[in-house]
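One line per chain: the protein sequences are A and B, in this order.
Be aware that the first sequence starts at 1, since it is given in the working numbering, and climbs by one per residue.
Be aware that the second sequence starts at 1001, since it is given in the working numbering, and climbs by one per residue.
Beta carbons are placed, not taken as given, at the ideal position from N, Cα and C, and that holds for glycine.
Below is one structure, written out as structure tokens; the observations come after it.
Number of protein chains: 2
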Amino acid sequence: MSIIRLDLSECPYPPSPKVVKVISDSASTINRYPKMLGGLLPDALTAYTGKSKEQIVIGNGSDDLIELIIKIFTHPNEQILIPIPSFPGYWYAAKNLDKEVIFVNRDNEFGLDIDSILQKITSKVKVIFIANPNNPTANLIPCHILAKLIQQVNCLIVVDECYYEFSQETVADLIDMCPNLIILRSFSKGFGLAGLRLGYAITNAELASRLRNSTQLFGVNTLAQAAAITVLTDLEYYYAQIEQINKDRTNLRRGLEQLGFDVYPSATNFLFVGTEKLNLSSSYLEKSLQNQDIHVKNCGMLPGLDDFYFRTTVGNYKENHILLAKLAKMRVQ
Amino acid sequence: MSIIRLDLSECPYPPSPKVVKVISDSASTINRYPKMLGGLLPDALTAYTGKSKEQIVIGNGSDDLIELIIKIFTHPNEQILIPIPSFPGYWYAAKNLDKEVIFVNRDNEFGLDIDSILQKITSKVKVIFIANPNNPTANLIPCHILAKLIQQVNCLIVVDECYYEFSQETVADLIDMCPNLIILRSFSKGFGLAGLRLGYAITNAELASRLRNSTQLFGVNTLAQAAAITVLTDLEYYYAQIEQINKDRTNLRRGLEQLGFDVYPSATNFLFVGTEKLNLSSSYLEKSLQNQDIHVKNCGMLPGLDDFYFRTTVGNYKENHILLAKLAKMRVQ
């Protein structure tokens, strides 16, 4: 049996035939540098995002844009604020750029504790990163709550919507009203291009221009550009796939709940699962599954969590079935 | 006629059939994240570089590594030193990271003026970038001169050998003796993978580890990894191609000299050309060729040069022929 990877919230399906074809067709052109700044992709994204190409900035994955934002918008001794638990990529980037990070706990249901956040904001805090839906907790903060926060603070707020294709909720409508808002999106999740590295930012034209001025001109490879543009011409294929993943998520949730796990609401392609009721530590669970060639993500070591949480991607039918079967055996032991 | 691109020192030929095949074959796997830190590529590079995989760091193009080096090894108010004329990517990256740049002129033949460099070095200078062969001037500094400089200074020296496949000269032998040396290499030039973005650094294991600790885990895309590993199994194909380009460079040089241009010695896949003797400004020349769908690089605006220098890639036979024909006409006018 080959290894089942459910630890990186990847799409379990290969790209659409159209996307595979454009990659093959473009392979013979890679002796040439990529088109600068994502080439025609910002244009191609205007219909999908409802924003102008001047408001869109392409990156070598969202990770690239996270670092770019911190690099441009913070000076030495300034700080980043992150409601936790959340995606470690934010503080990894901050650490790499020598910036101090302030953590603020989310509430018991992993919602934002706006009062706590406001209390922690000083003039030194320059950027707040909010994953929405959140990773790894899978929950979605309603837009009106985010709007309230965005309008109450002066610092930049980055809303990371890399699971937008699953949640279908966005604060993009606020861009024109809120000069301090940057949205991040990704082609890695709903559109399954994780291996090619492609993320983008949506913001006002002024901030977008500052990002564009400091990003690498040739940072986004030719095949990622071609694949992403083709995805946007093949949305029906991808929407059907996303619907399938959402259905499979419901089934996987039921299976996990029947085994006695706590499964949290998810607006993503993964499930966040509590193991405490079963008295199973998530580090043990991760290791035990790994020994059986199934990888899930132990979240026990993340700031804001303890050793009773894991995250599993919604895999394909067979992968989900095997995961449930292995967990059923583990519970019995 | 389609546009002839001789402005980016690209390889004029598509990748080898083996490389095209591995890209097509890997296209269906890009729903998965790339292997971290370039995956198996550091292993694959050990034979080619003669260094251990612990001494190799993979980046999303050399541009990525240039920025990574500045990010890690300079603090606020510290400086970068660059002998000019040289590759603008160094000061572009420094500017993006808010670092001050000190330029030191090269000598009349674009060699290093070691005394001038030593005079400009203070405790604030943390990194020196030396392209070797140099871009855009195409000349090669002999290794023993670089060795002298490297051993005389305390700061880091980055020797950018992205044209190594053409020059076949390297300071890699000094890595084990000089704790302040980082070499950059690229798959964009001799190996023609510019569109996929792949550069690498060679240095001692300690510096390599620091670079690796601050780079993006998933920064190098899956298809770049697969293509580069395959290039290294197909070196005879590429060496034959490089030999062809070197021969074509000789012919292009002769043609340009016959037209009265000054052509500088080249250890690269491009030629650096002086236009002053013909009383032709390089900005005019660039524009005039561009109007005829041929792109060369005007170097007149680079610090350390004036409006009488351009750079042209050695294209394929037909491209070089057309370039010479157009230049012959321009000279007559």
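Residue nearest to residue i in terms of C-alpha spacing, selected from the options
i         : options                                       : result
A/Phe129  : A/Ile3, A/Glu161, A/Gln258 and A/Leu302       : A/Glu161
A/Leu305  : A/Ile294, A/Lys99, A/Ala328 and A/Ile84       : A/Ile84
A/Asp234  : A/Pro17, A/Asp7 and A/Ser2                    : A/Pro17
B/Thr1222 : B/Pro1034, B/Val1019, B/Ser1009 and B/Lys1021 : B/Pro1034
A/Ile3    : A/Glu165, A/Gln292 and A/Arg331               : A/Gln292
B/Val1019 : B/Asp1064, B/Asn1105, B/Leu1193 and B/Asp1113 : B/Leu1193
A/Asp43   : A/Lys326, A/Asn180, A/Asn269 and A/Thr230     : A/Thr230
A/Asn96   : A/Thr49, A/Thr74 and A/Pro133                 : A/Thr74
A/Gly219  : B/Ala1093, B/Cys1011 and B/Asn1077            : B/Ala1093
A/Ser186  : A/Asn320, A/Leu118 and A/Ile58                : A/Ile58
A/Pro142  : A/Gly111, A/Val263, A/Glu165 and A/Leu156     : A/Gly111
B/Glu1169 : B/Arg1106, B/Cys1178, B/Ala1267 and B/Tyr1200 : B/Ala1267
B/Ile1072 : B/Lys1277, B/Lys1247, B/Leu1156 and B/Arg1106 : B/Leu1156
B/Lys1277 : B/Leu1289, B/Ser1214 and B/Asp1262            : B/Asp1262
B/Val1171 : B/Ile1202, B/Gly1195, B/Val1127 and B/Thr1029 : B/Ile1202
B/Leu1327 : B/Asn1105, B/Asn1132, B/Leu1280 and B/Leu1041 : B/Leu1280
A/Lys126  : A/His144, A/Glu100 and A/Asp113               : A/Glu100
A/Tyr48   : A/Asp107, A/Ala228 and A/His144               : A/Ala228
B/Ile957  : B/Asp1113, B/Gln1119, B/Val1158 and B/Glu1165 : Given a span of 1001 to 1333 for chain B in the structure shown, any question on residue 957 of chain B remains unanswerable.
Neighbour-count burial assignment, residue i, 16 or more Cβ in a 10 Å radius
i         : result
B/Asp1149 : In the sequence as presented, Asp is not what sits at residue 1149 of chain B; that position holds Leu. Buried is the call here.
A/Gln216  : buried
A/Asn60   : buried
B/Tyr1317 : exposed
A/Arg254  : exposed
A/Gln79   : buried
B/Pro1015 : buried
A/Ala208  : buried
B/Pro1012 : buried
B/Lys1329 : exposed
A/Ile70   : buried
B/Glu1109 : exposed
A/Asn134  : buried
A/Gly50   : exposed
B/Lys1287 : exposed
Integer-rounded CB distance, given that residue j should sit under 8 Å from residue i
i         : j         : result
B/Gln1055 : B/Ala1224 : About 20 Å separates the two Cβ atoms, so there is no contact after all.
B/Phe1272 : B/Ala1138 : 4 Å
A/Ser26   : B/Ser1024 : Contact doesn't hold; Cβ gap of about 10 Å is too wide.
A/Leu140  : A/Ser167  : 5 Å
B/Leu1037 : B/Arg1197 : B/Leu1037 to B/Arg1197, Cβ: 15 Å. No contact.
A/Leu6    : A/Thr313  : 4 Å
A/Ile245  : A/Asn269  : 5 Å
B/Ile1341 : B/Leu1081 : Absent from the model: residue 1341 of chain B. The displayed extent of chain B is 1001 to 1333, so no value can be given.
Span of the alpha helix (DSSP H) around residue i
i         : result
B/Leu1252 : Leu1235 to Gln1258
B/Gly1089 : Gly1089 to Asn1096
A/Asp160  : Looking at the DSSP string, A/Asp160 is not in any alpha helix (DSSP H); the run it does join, the beta strand (DSSP E), is Leu156 to Asp160.
A/Gln79   : No alpha helix (DSSP H) holds A/Gln79; the beta strand (DSSP E) holding it covers Gln79 to Ile84.
B/Ala1228 : Thr1222 to Val1231
B/Ile1117 : Ile1114 to Lys1120
Where the beta strand (DSSP E) containing residue i begins and where it ends
i         : result
A/Leu184  : Leu181 to Ser186
A/Lys71   : Careful: A/Lys71 lies outside any beta strand (DSSP E), inside the alpha helix (DSSP H) at Ser62 to Phe73.
B/Phe1103 : Glu1100 to Asn1105
A/Ile145  : Taken as a continuous stretch (DSSP letters only), A/Ile145 belongs to no beta strand (DSSP E), being part of the alpha helix (DSSP H) at Cys143 to Gln152.
A/Leu271  : Phe270 to Gly274
B/Arg1197 : Taken as a continuous stretch (DSSP letters only), B/Arg1197 belongs to no beta strand (DSSP E), as it is neither H nor E.
B/Arg1032 : Neither: B/Arg1032 is in no beta strand (DSSP E) and is coded neither H nor E.
B/Thr1313 : Tyr1309 to Thr1313
Residue i in three-state terms, based on DSSP
i         : result
B/Phe1166 : helix
B/Leu1207 : helix
B/Asp1043 : helix
B/Gly1059 : strand
B/Lys1329 : helix
A/Gly50   : coil
B/Tyr1284 : helix
A/Lys318  : helix
B/Gly1304 : coil
B/Ala1027 : helix
A/Ala131  : strand
B/Val1171 : coil
A/Val19   : helix
B/Asn1279 : coil
A/Asn139  : coil
A/Asn108  : coil
Worksheet item: Got a sec: which bits of the stretch 196 to 223 of chain A sit with their beta carbon under 7 Å from any beta carbon on chain C, in order along the chain?
Response: Here the protein chains are A and B, and chain C is not one of them.
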